[in-house]
Each structure stands twice: as C-alpha cells, then as structure tokens.
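Q: Supplied in structure tokens, the structure appears directly below.
Protein chains: 2
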Amino acid sequence: MQELTSMRLTTQRQIILEELLKVTSHPTANEVYDMVRKRLPRIGLGTVYRNLELMAETGMILKLEVGGTQKRFDATVAPHYHIRCMECGKVDDIKMPVQEGINEIAAQVSHYQILGHHIEFTGLCSDCTGSQQKTSIN
Amino acid sequence: MQELTSMRLTTQRQIILEELLKVTSHPTANEVYDMVRKRLPRIGLGTVYRNLELMAETGMILKLEVGGTQKRFDATVAPHYHIRCMECGKVDDIKMPVQEGINEIAAQVSHYQILGHHIEFTGLCSDCTGSQQKTSIN
DNA sequence: TTCTGTCTTGAGATATGTTACCATATAATA
DNA sequence: TATTATATGGTAACATATCTCAAGACAGAA
C-alpha cells in the first residue's frame with residue numbers, strides 16, 4: 001500500500017487528477033491518457049496507468065472494475081452506484097441512496113468478512129435506446 | 001444473437017457445460033480450458049472462448065463481468081449476487097433475495113432504460129481472513 | 001450409403017489492455 | 001546547491017481475448 005505522504009507532487013500527477021476531476025464519464029486509462037496528452041504530449045501511457053493505480057490505492061480516486069474488460073476511473077470517491085450502457089459501454093452515476101442494510105444481510109449468509117458492495121445497473125442510454133431491445137437478466 | 005436451435009451439440013460443448021456444472025467457483029475462460037483439457041487434451045483455447053460466449057448468448061450459462069479484468073462464467077442462470085475476495089480474487093454466490101425494487105428506483109433517477117442490475121460484494125474469504133485488514137469502500 | 005453444404009474445430013496469428021524494466025530526469029531535503 | 005530516493009518515458013513483456021482459415025464433423029438430400 002502506497003503512503004500518501006511519500007507521494008511526490010509531480011506535474012503528471014497533478015494534471016491526471018485535474019483532468020479526471022473535469023469529467024463525470026468514468027474514463028478508461030487510455031481515455032485519461034488522451035485527455036492528459038493534450039496538455040502533456042510527452043507523457044507515457046505507463047505513467048498514466050501507474051498513477052491511476054497509485055491514486056486508487058491511496059483513495060484519492062476510485063477504480064471501477066465493472067463490466068467490460070477495461071478498468072475505469074472515477075474522481076468521485078463518495079459511495080455511489082453505476083449504470084452501464086450495454087450498447088456503447090458508457091458508464092454513468094446513479095444518484096440513488098446507498099443500500100445500507102445489505103452488507104449485514106450478506107454477512108449473515110456468507111462466510112466472508114464483508115467490506116463493501118457495489119451495484120451496477122445495466123441498461124440502454126438515451127443515445128442507444130430505440131435501435132436495440134434486450135431482455136432483462138436480473 | 002445465436003439461435004439455440006441452430007447450435008450443434010458437439011462433444012466440446014457438452015464437456016464444457018458439464019465441467020461448468022460441476023463447480024460453483026465461477027471459473028475464468030482459462031480455468032474452464034484447464035478443466036476441459038483433462039478430458040479433451042486437444043481442445044483449443046479459442047473453442048472454449050467461442051463456446052462460453054455462445055452459451056452465454058443463448059442463456060445456457062451466465063457471463064460475469066465482475067471485478068478483476070477477466071470474464072467469469074457461471075452455470076447457475078437464476079438471478080443471484082456474488083462476492084469477491086479482495087485478496088485471492090475468488091468469486092462465490094451470495095444466497096440473498098434479489099432486490100426487486102431497485103430497478104424502478106434507478107429508472108426514476110436516470111435517463112437509461114433499465115434492463116437489470118447486479119450486486120457484487122467485496123470482502124475476505126475464510127481462507128484469507130486474518131492476514132489482511134482493509135477499509136470499506138462503500 | 002455417398003454427396004453436399006454448413007457448422008465447428010484447432011492452431012496460430014493478431015489485437016487489446018496492462019504491467020515490468022531500466023536508464024534518465026526530477027522533487028524533496030538537507 | 002548537492003544529494004538521493006522516487007518518478008518518468010520508452011519499450012518490451014505479459015495476459016487476455018478475438019480473428020482467420022484450412023481441415024474436420026455433421027445433418028439432410030439424393
């Protein structure tokens with residue numbers, strides 16, 4: 001685990017965080033790379049991955065490992081849920097109350113020590129509605 | 001979308017499904033490959049991927065795109081939730097009632113057409129408890 | 001049966017996403 | 001500043017997933 005105190009404040013880190021704070025779209029590492037490169041053309045993709053991972057470890061940002069193969073990153077660290085468009089893969093926030101009780105229910109029915117939960121809705125965004133109709137999974 | 005009727009029942013498909021039905025561990029494609037290879041040593045990894053994807057499309061099995069970068073597969077198709085061990089990555093079922101109401105809540109607060117949801121708990125499995133302590137995310 | 005067209009497979013090539021490595025550069029500190 | 005541990009950028013390596021295609025297997029027609 002990375003210590004917050006030992007993390008140097010480099011230009012790259014500042015800009016990565018700034019760019020992430022600008023958007024609510026939960027960009028992938030590669031999308032962050034594209035955003036940051038407009039201001040720091042010589043930044044390396046590895047630096048972006050390294051720092052996103054590091055910032056997620058320290059809790060500065062959130063790493064979402066939701067559907068789809070890529071990791072996504074979110075500067076909103078307060079607990080909240082997400083919805084993913086099955087058609088285009090876009091991920092948005094769902095502004096609904098956090099389901100407080102369900103961790104306790106889960107603790108009762110499993111042998112795990114519960115640390116948290118995440119709800120991911122699947123659906124069709126307004127751009128993709130119309131062209132597609134699929135059946136609900138659960 | 002693949003038609004169920006047009007899907008031939010090949011030895012490979014039978015064995016992939018049989019092996020998947022044997023376990024409750026939500027194996028990755030590669031783990032399925034290893035399991036199946038014990039009975040069909042000459043099967044190709046592509047065949048495993050192809051057929052898992054196909055069976056997921058027809059609804060014979062469930063494809064889980066939960067935390068972690070790899071896809072996992074589940075022969076239990078009835079709606080249910082999962083818990084993932086933060087330490088070893090293992091995924092287990094959580095036998096708790098499906099939260100019926102939350103799709104409607106989500107529909108009200110978003111512009112998406114809601115198709116479903118999935119809840120993923122994170123925690124520490126009984127094997128990993130003790131060595132680690134982490135703070136809850138949400 | 002044998003033929004014929006279609007579906008499926010296995011093997012390898014390719015694509016995609018991520019991490020590791022290392023020489024150089026740089027922020028923090030004394 | 002001079003020092004030094006840490007961070008960077010470029011590239012290679014790796015892991016996962018998908019694509020391609022010739023050869024094989026199968027179902028239905030002849």
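Sequence lines, in order, name chains A and B.
Each residue of the first sequence is one higher than the one before, starting from 1 at the first, in this note's numbering.
Each residue of the second sequence is one higher than the one before, starting from 1 at the first, in this note's numbering.
Here a beta-carbon is modelled for each residue, glycine too, at the ideal position from N, C-alpha and C.
Since the model is a prediction, treat every value here as computed from it, not as a measurement.
Does F121(A) get closer than 7 angstroms to chain B when you measure Cβ to Cβ?
A: As a first step, residue 121(A) must be located in the first sequence, where it is residue number 121. Yes, contact with chain B.
Q: How long is the line joining the alpha carbons of M60(B) and R13(A), rounded to whole angstroms?
A: As a position in the second sequence, residue 60(B) is number 60, starting the count at 1. As a position in the first sequence, residue 13(A) is number 13, starting the count at 1. Rounded to the nearest angstrom, the two C-alpha atoms are 46 angstroms apart.
Q: In angstroms with no decimal places, state the Cα-to-Cα distance between R37(B) and I43(B).
A: Residue mapping note: residue 37(B) aligns to position 37 of the second sequence, counting from 1. Residue mapping note: residue 43(B) aligns to position 43 of the second sequence, counting from 1. C-alpha separation (whole angstroms): 6 angstroms.
Q: Expressed to the nearest angstrom, what Euclidean distance is found between the alpha-carbon atoms of V66(B) and V66(A)?
A: What you label residue 66(B) is simply residue 66 of the second sequence in a count that begins at 1. What you label residue 66(A) is simply residue 66 of the first sequence in a count that begins at 1. Spanning the two alpha carbons is a distance of roughly 6 angstroms.
Q: Using DSSP with H/G/I as helix, E/B as strand and the rest coil, what is V91(A)?
A: Translated into the one-based positions of the first sequence, residue 91(A) becomes position 91. V91(A): strand per DSSP, three-state reduction.
Q: Distance, Cα to Cα, S136(B) vs T11(B)?
A: If you number the second sequence from 1, residue 136(B) lands on position 136. If you number the second sequence from 1, residue 11(B) lands on position 11. Any reading at S136(B) needs caution, since the residue's pLDDT is 42, under 50, leaving its predicted position unreliable; the model's value is listed next. In a straight line, the C-alpha of S136(B) is about 45 angstroms away from that of T11(B).
Q: Between Q70(A) and the ligand NAD, is the CB less than 6 angstroms from at least one heavy atom?
A: This structure does not include the ligand NAD; it has no bound ligands of any sort.
Q: Evaluate R8(B) with the Cβ neighbour count: other Cβ atoms within 10 Å of its Cβ, from every protein chain shown; 16 or more gives buried, anything less gives exposed.
A: Within the second sequence, the letter at position 8 stands for residue 8(B). Exposed, since its Cβ has fewer than 16 Cβ neighbours within 10 Å.
Q: I'd like to check one pair, T122(B) with L115(A): are the Cβ atoms closer than 7 angstroms?
A: Taking the first sequence and counting its residues from 1, one reaches residue 115(A) at position 115. Taking the second sequence and counting its residues from 1, one reaches residue 122(B) at position 122. In this structure, T122(B) lies closer than 7 angstroms to L115(A) by Cβ.
Q: Does the structure place the stretch 78-97 of chain B close enough to the stretch 85-101 of chain A that three or more beta carbon pairs sit under 8 angstroms?
A: No contact exists between the stretch 85-101 of chain A and the stretch 78-97 of chain B.
Q: Give every residue of the same chain whose Cβ lies closer than 6 angstroms to the Cβ of M55(B), excluding the five residues on either side of it in the sequence, and list them in chain order.
A: Start at 1 with the first residue of the second sequence, and residue 55(B) comes out as number 55. Closer than 6 angstroms at Cβ, skipping near neighbours: I61.
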